[in-house]
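Here the structure comes first, spelled out in structure tokens, and everything after it is commentary.
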Amino acid sequence: MALAPMSHDVRSRHWRDGHLNEIGLLLALLILVIVFAQAAPNFLTGRNLVNILRSASYVGIIAFPMTFVIIAGEIDISVGPTVAFFGVAFAQAVAAFAIPIPLAILLVIAAGAAVGGAAGWLKVQYAVPTFISTLALWGALRGGALWWTDSLPVIIPSREFRVVLGGDIFGLPVVAWIMFATFLVFAYLAAFCRYGRHVYALGANATAVEALGISSARLRITALASTGAFSALVGVLTDARLGSGNANAATGLEFDVIAAVIVGGTLLTGGHGRMIGTLLGVLVIACLSNGLVLVGVDPDVQQVVRGAVILLAVLINAALAKRALSGQKA
Amino acid sequence: MITAADAASMPLLNLQDIAMHFGAIKALDGVDLVLREGEVLGLMGDNGAGKSTMVKVIAGNLAPTSGSMLVEGEPVAFQSPSDARAASIEAVYQDLALCDNLTAAENVFLGREVMLRIVGLPVAINFRAMKDQAARLFQELESDTRASQLVRTMSGGQRQAVAVARSRLNQARIVLMDEPTAAISVRQVDQVLKLIGRLRDQGVAVLLISHRMQDVFSVADRIAVLRRGQKVADLATSDTTPQEVAALITGAIESAGQRDWPPEKSRSM
């Protein structure tokens with residue numbers, strides 16, 4: 055094409071250097087599958103693979119907006135309690151207030167966006183670090199959900215709801231289709247839209263973004279609002295799986311989400327990350343969790359192994375990032 | 174004689190009696206400044222003399238305490254940098270305001286991305302169009318900067334070219350450059366000075382803020398000196414020497430230049 059051969063070489067080297075992380079994740083995924091398939095005969099069954107995909111989906115739906123939040127240089131650690139709180143709020147809306155289910159879904163997502171957006175607003179308006187504001191939300195939303203329900207499940211009186219949102223389409227869970235759709239939307243935003251490119255720019259140089267007349271406030275607030283909104287959506291989907299709203303749902307989900315994003319190659323320092331990396335990170339974490347259970351590893355040891363794997367991934371990322379950041383060597 | 178030229182050609186930028194006070198501190202105190210098309214004005218002064226404040230006032234980052242500002246004869250009052258940009262004033266900042274993680278082309282177009290449209294609807298950023306247009310700008314500026322290169326991997330001179338290309342994209346007629354040669358290698362300095370010359374050749378008025386005497390003397394047509402918030406000299410480069418300018422900066426010489434702009438007059442608020 056218009057490219058000179060030399061610049062083409064530079065390009066392909068860039069491509070390889072730039073995607074080393076994704077290539078590594080694919081390899082890691084392959085190794086995990088091979089090892090677990092050897093160790094647990096029921097790992098590589100269709101039924102189990104669907105299970106892995108399902109559990110990956112609850113994490114993934116939040117991990118894609120979380121990727122933007124982290125690229126923007128922020129963090130949202132409140133997603134687990136947000137899922138629980140809005141799962142409960144949805145169940146209450148339907149069971150206690152008899153709000154029609156479609157309307158209740160919309161209301162809960164809007165409220166989730168408002169709560170997440172508020173954390174972004176506190177950052178913009180009062181320079182409250184999002185780590186702190188979402189830590190406050192982490193406590194308040196879990197506590198609020200428990201207090202609201204007396205820690206008891208709130209049964210949703212609709213079988214249809216469970217069958218539709220908790221069921222399958224073309225052999226795959228509805229939640230998995232929603233996860234794939236979320237991935238496509240966020241990958242498109244990240245790579246091809248002004249919004250996404252501005253989030254990357256914000257993470258690299260907030261002053262530059264402001265100097266060019268781009269509103270960093272809008273970017274931060276919408277990024278945090280999106281983790282809130284998608285967490286609320288996962289709250290609804292969790293209710294569909296369980297048939298009730300549970301204040302204890304999604305305990306520790308924030309760790310899985312953030313771990314998936316970081317394992318996927320997004321740097322906590324902001325400015326760098328890709329949605330495809332997050333997708334692979336989500337699948338790696340889900341495979342690992344599932345495989346450890348099937349192999350029969352002690353639950354306490356499972357936590358240790360997961361921690362070690364995440365640490366390893368971050369170390370590899372740091373090395374890759376250092377290589378990429380130091381510029382391309384011939 | 175400058176007064177005669179003044180009457181003949183309308184200045185692009187005309188600052189009259191600009192004052193900027195921060196409490197009791199007079200960062201700028203009755204400064205007049207004129208900038209014409211295709212002219213490079215070197216603005217010199219010691220640290221704290223008011224150079225950066227001057228740039229911030231012109232770029233719309235600060236609203237002056239008093240004084241008037243005319244762009245092409247029209248009075249303006251900037252509330253924000255985007256107001257200044259709308260009046261075709263572009264600032265190239267010392268830290269350059271570039272994003273390391275984006276390509277040169279993406280940086281040039283940051284906030285003004287070219288969109289690929291289908292039936293009028295923007296569907297995606299047109300990276301190809303941005304790359305081609307940025308490449309043309311770099312060619313115009315005779316810079317070796319590659320449009321698809323990440324800014325992270327660029328030299329100081331190339332970064333300057335990206336920042337300057339950004340101002341060209343906006344068709345800016347007045348470009349403010351704050352210490353463009355401060356943080357780069359000697360070899361790169363030459364590139365940046367050539368960039369400034371190229372801007373002038375295209376009719377752009379350049380306000381060059383710099384500490385580096387030899388850089389200012391090699392590209393500026395005129396040199397204005399600020400000392401403690403006041404303009405103490407406004408001289409044609411050919412009429413002065415680095416020794417005289419240095420003396421004006423330090424205060425060894427009280428003032429020089431046009432008799433019709435004595436600093437005493439501008440002290441009145």
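Those protein sequences? They're chains L and P, same order as listed.
Going by the working numbering, the first residue of the first sequence is number 55, and it counts up by one from there.
Going by the working numbering, the first residue of the second sequence is number 174, and it counts up by one from there.
Using N, Cα and C, we set each Cβ at its ideal position, and we do this for glycine too.
Quick caveat: nothing in here was measured; it's all calculated off a predicted structure.
How would you list, in chain order, the residues of chain L whose beta-carbon sits under 7 Å from the beta-carbon of residue i?
i: P/Glu279; result: Arg251
i: P/Asn274; result: Tyr254, Ala258, Gly325 and His326
i: P/Val353; result: The question names Val, yet the displayed sequence has Pro at residue 353 of chain P. Neighbours of P/Pro353 on chain L: none; closest Cβ ~16 Å, over 7 Å.
i: P/Ser261; result: Residues of chain L passing the Cβ test: none, with the nearest at roughly 14 Å.
I need the boundaries of the alpha helix (DSSP H) containing residue i, first residue and last residue.
i: L/Asp45; result: An answer regarding residue 45 of chain L cannot be provided, because it is not within the stretch 55 to 384 covered by chain L.
i: L/Glu308; result: Leu307 to Val317
i: P/His194; result: Taken as a continuous stretch (DSSP letters only), P/His194 belongs to no alpha helix (DSSP H), being part of the beta strand (DSSP E) at Leu186 to Phe195.
i: L/Arg213; result: Arg213 to Leu219
i: P/Val265; result: No alpha helix (DSSP H) contains P/Val265, which is instead part of the beta strand (DSSP E) from Ile262 to Val265.
i: P/Met303; result: Phe300 to Glu313
i: L/Gly331; result: Met329 to Val349
i: L/Asn75; result: Leu74 to Ala93
Name the chain L residues that come within less than 8 Å of residue i, Cβ to Cβ?
i: P/Glu286; result: Arg248 and Arg251
i: P/Ala250; result: None at all; the shortest Cβ gap to chain L is about 18 Å.
i: P/Ile298; result: Phe246, Cys247, Arg248 and Arg251
i: P/Ser255; result: Gly267
Using a Cβ-Cβ cut-off of 8 Å (strictly less than) and excluding sequence neighbours within five positions of residue i, which residues of its own chain qualify?
i: L/Arg196; result: Gly134, Pro135, Ala138, Phe139 and Ala301
i: L/Ile131; result: Phe185, Thr188, Leu189, Trp192, Glu308 and Ile312
i: P/Ile298; result: Glu286, Val287, Met288 and Leu289
i: L/Val351; result: Val359
i: P/Pro435; result: Because P/Pro435 carries a pLDDT of 44, less than 50, the predicted location of this residue cannot be relied on, and no value is offered for it.
For residue i, collect the residues of the same chain with a Cβ closer than 6 Å to its Cβ; drop the 5 residues on either side in sequence, then sort them by chain order.
i: P/Ala180; result: Reliability fails at P/Ala180, whose pLDDT of 45 lies under 50, so the model's placement of it is uncertain and no value is given.
i: L/Ser109; result: Ala340
i: L/Ile163; result: Ala283, Ala286 and Leu287
i: P/Ser253; result: Gly233
i: L/Ala304; result: Gly134, Val137 and Ala138
i: L/Gly127; result: Gly257 and Gly324
i: P/Leu235; result: Lys229
i: L/His73; result: none
Going along chain P, which residues have a C-beta under 8 Å from residue i?
i: L/Ile268; result: Leu283 and Gly284
Select from the options the residue whose C-alpha is nearest the C-alpha of residue i.
i: L/Gly306; options: L/Tyr112, L/Leu81, L/Pro211 and L/Asn75; result: L/Tyr112
i: L/Trp175; options: L/Val148, L/Thr276 and L/Arg360; result: L/Thr276
i: P/Ile231; options: P/Ala222, P/Gly221 and P/Leu243; result: P/Leu243
i: P/Met303; options: P/Gly293, P/Gln322 and P/Ile291; result: P/Gln322
i: P/Ile262; options: L/Leu266, L/Tyr180, L/Ala372 and L/Ala245; result: L/Leu266
i: P/Asn220; options: P/Ala200, P/Gln312, P/Leu186 and P/Ala378; result: P/Ala200
i: P/Asp374; options: P/Met386, P/His384, P/Val389 and P/Ala393; result: P/Ala393
i: L/Ala346; options: L/Phe237, L/Val89, L/Gly171 and L/His73; result: Rather than Ala, the amino acid found at residue 346 of chain L in this sequence is Leu. Among L/Phe237, L/Val89, L/Gly171 and L/His73, the Cα nearest to that of L/Leu346 belongs to L/Val89.
i: P/Arg395; options: P/Arg385, P/His384 and P/Val379; result: P/Val379
i: L/Arg216; options: L/Val253, L/Val228, L/Pro207 and L/Lys177; result: L/Val228
i: L/Thr203; options: L/Ala94, L/Asn344, L/Gly166 and L/Phe144; result: L/Phe144
i: P/Leu206; options: P/Ala356, P/Met227, P/Ile426 and P/Phe195; result: P/Met227
i: L/Leu273; options: L/Arg248, L/Leu296, L/Met233 and L/Ala230; result: L/Arg248
i: P/Pro353; options: P/Gly196, P/Glu427 and P/Ala270; result: P/Ala270
i: P/Ile369; options: P/Val359, P/Val389 and P/His384; result: P/Val389
i: L/Leu322; options: L/Leu83, L/Ser280 and L/Asn371; result: L/Asn371
i: L/Gly166; options: L/Ser280, L/Ala373 and L/Val336; result: L/Ser280
i: P/Ile426; options: P/Val398, P/Arg346, P/Val213 and P/Gly284; result: P/Val398
i: P/Met118; options: P/Ser391, P/Ser411 and P/Met386; result: What is shown of chain P runs 174 to 442, which leaves residue 118 of chain P out entirely.
i: P/Leu421; options: P/Lys404, P/Ser411 and P/Ala409; result: P/Lys404
Looking at the unbroken beta strand (DSSP E) that takes in residue i, where does it start and where does it end?
i: L/Val263; result: Here L/Val263 belongs to no beta strand (DSSP E); instead the alpha helix (DSSP H) covers Ala260 to Ala265.
i: P/Ala200; result: Ile198 to Leu208
i: P/Leu138; result: The structure shown does not extend to residue 138 of chain P, since chain P spans only 174 to 442, so no value can be given for it.
i: P/Glu247; result: Glu247 to Val249
i: P/Gly240; result: Ser239 to Val244
i: P/Val213; result: Val213 to Met217
Once the 5 residues before and after residue i are set aside, which same chain residues still bring their CB inside 7 Å of it?
i: L/Ser270; result: Leu256, Ala260, Val263 and Glu264
i: P/Ala338; result: Val281, Ala307, Leu310, Phe311 and Leu314
i: L/Ala362; result: none
i: P/Arg319; result: Ala277
i: L/Asp310; result: Val113 and Ile339
i: P/Pro184; result: Val207, Leu208 and Arg209
i: L/Ile155; result: Val148, Ser212 and Phe215
i: L/Arg295; result: Gly220
i: L/Thr320; result: Thr121, Ile124, Ile125, His326, Gly327, Gly331 and Thr332
Could you work out which residues of chain P lie near residue i, taking near to mean beta carbons separated by less than 7 Å?
i: L/Thr292; result: Near L/Thr292 there are no residues of chain P at all, since even the closest Cβ is about 34 Å away, more than 7 Å.
i: L/Ala262; result: Ala270, Leu271 and Cys272
Interface residues of chain L around residue i at Cβ under 9 Å?
i: P/Ile396; result: The contacting residues do not exist; P/Ile396 stays about 27 Å from chain L at best.
i: P/Ser225; result: Chain L residues near P/Ser225: none, gap ~14 Å exceeds 9 Å.
When you compare the CB of residue i with every CB in chain A, is at least one pair closer than 7 Å?
i: L/Ala164; result: Checking the listed chains, one finds no chain A in this structure; the protein chains it contains are L and P.
* Go through the region 266-294 of chain P residue by residue and report every complete run of the beta strand (DSSP E) that reaches 3 residues or more, in order. => 288-291
* Identify every run of the alpha helix (DSSP H) within the region 382-408 of chain P, keeping only runs that are complete inside it and at least 4 residues long; order them along the chain. => 386-392
* Considering only residues of the region 154-184 of chain L, which uninterrupted beta strand (DSSP E) runs meet the minimum length of 3 residues and lie entirely inside it, listed in chain order? -> Counting whole runs of 3 or more residues, the region 154-184 of chain L contains no beta strand (DSSP E) stretch at all.
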